[in-house]
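Take the sequence shown: its position 57, counted from the start at 1, is 85 in our numbering, and no numbers get skipped.
The beta carbon of each residue, even a glycine, is placed where N, CA and C say it ideally should be.
Please read the structure below before turning to the comments.
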Amino acid sequence: MRALFSPMLLTAIVACGPDVTVKMAENLPPDSVINSPTHETVFAEGDVIQFVGTVADPGGLDDIQTVSWTSSIDFELGTAELSSPDSEGKTRVSTVLSPGTHVITLGVVDLGGLAGTDSVTVTVSAAKQEPAAEILSPDNF
Numbered sequence: 029m030r031a032l033f034s035p036m037l038l039t040a041i042v043a044c045g046p047d048v049t050v051k052m053a054e055n056l057p058p059d060s061v062i063n064s065p066t067h068e069t070v071f072a073e074g075d076v077i078q079f080v081g082t083v084a085d086p087g088g089l090d091d092i093q094t095v096s097w098t099s100s101i102d103f104e105l106g107t108a109e110l111s112s113p114d115s116e117g118k119t120r121v122s123t124v125l126s127p128g129t130h131v132i133t134l135g136v137v138d139l140g141g142l143a144g145t146d147s148v149t150v151t152v153s154a155a156k157q158e159p160a161a162e163i164l165s166p167d168n169f
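Here's what the structure looks like:
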């Protein structure tokens with residue numbers, strides 16, 4: 029559980045005298061990079077695909093509010109708990125995608141509401157199905 033802190037950092041500068049200056053540090057957006065699979069990788073239908081990415085924030089990993097993996101076809105991949113980054117900022121999700129060309133997006137949002145994304149395109153080829161034939165008439169006597 030995260031402590032509820034303001035997403036803005038406060039810096040106090042104390043001078044020789046009663047004056048105190050408080051300066052708000054700028055909240056910079058987080059960053060996300062999809063490490064694997066690479067862009068335009070092709071998988072077979074039914075393959076378990078492991079997505080690995082790295083997220084970072086200038087304010088540190090404690091400034092990250094959410095991390096999500098999404099597909100343009102299958103939508104959300106995994107849960108927020110499954111995609112949470114480790115202590116080095118690595119996030120992993122394994123899933124089976126439906127056939128088609130997917131745009132996979134790794135998104136990260138910090139406590140200040142700023143976001144960063146990275147995307148790759150992967151294709152899942154449909155399994156070839158053998159044709160089937162059935163004799164319906166005449167009945168088998």
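Assigned exposure category for residue i - 16 Cβ within 10 Å defines buried
i: A40; result: With a pLDDT of 48 at A40, under the threshold of 50, the predicted position of this residue should be treated as unreliable, though the coordinate-derived value follows. Burial call: exposed.
i: K51; result: exposed
i: P113; result: buried
i: S115; result: exposed
i: I62; result: buried
i: G87; result: buried
i: F103; result: exposed
Neighbour flag for residue i against chain C, beta carbons, 8 angstroms
i: V136; result: Absent here is chain C; the protein component of the structure consists of one chain.
Bridge partners - residue i, DSSP secondary structure assignment
i: I132; result: S99, V148
i: I92; result: D138
i: S153; result: A72
i: S122; result: Q78
i: E104; result: T98
i: A143; result: V137
Of the residues the options, the one placed nearest residue i, counting alpha carbons only
i: V83; options: P159, G117, I101; result: G117
i: W9; options: D90, A72, V136; result: An answer regarding residue 9 cannot be provided, because it is not within the stretch 29 to 169 covered by the chain.
i: D90; options: P159, D138, E73; result: D138
i: K156; options: F103, P65, A72, S64; result: A72
i: E109; options: Q93, H67, P65; result: Q93
Segment contact, 8 angstroms Cβ cut-off, at least three pairs: the stretch 141-156 with the stretch 56-67:
Touching, yes, given that three or more Cβ pairs across the two stretches are closer than 8 angstroms.
Does the pairing of the stretch 69-80 with the stretch 118-134 give three or more beta-carbon distances under 8 angstroms?
Taking 8 angstroms as the limit for Cβ pairs, the verdict is that the stretch 118-134 does touch the stretch 69-80.
Any beta strand (DSSP E) of 3 or more consecutive residues that is wholly inside the stretch 46-85
Correct list: 48-52, 59-64, 69-72, 77-84.
Does the stretch 150-163 come within contact of the stretch 126-133, defined as at least 3 CB pairs closer than 8 angstroms?
The answer is yes - the stretch 126-133 touches the stretch 150-163, with three or more Cβ pairs under 8 angstroms.
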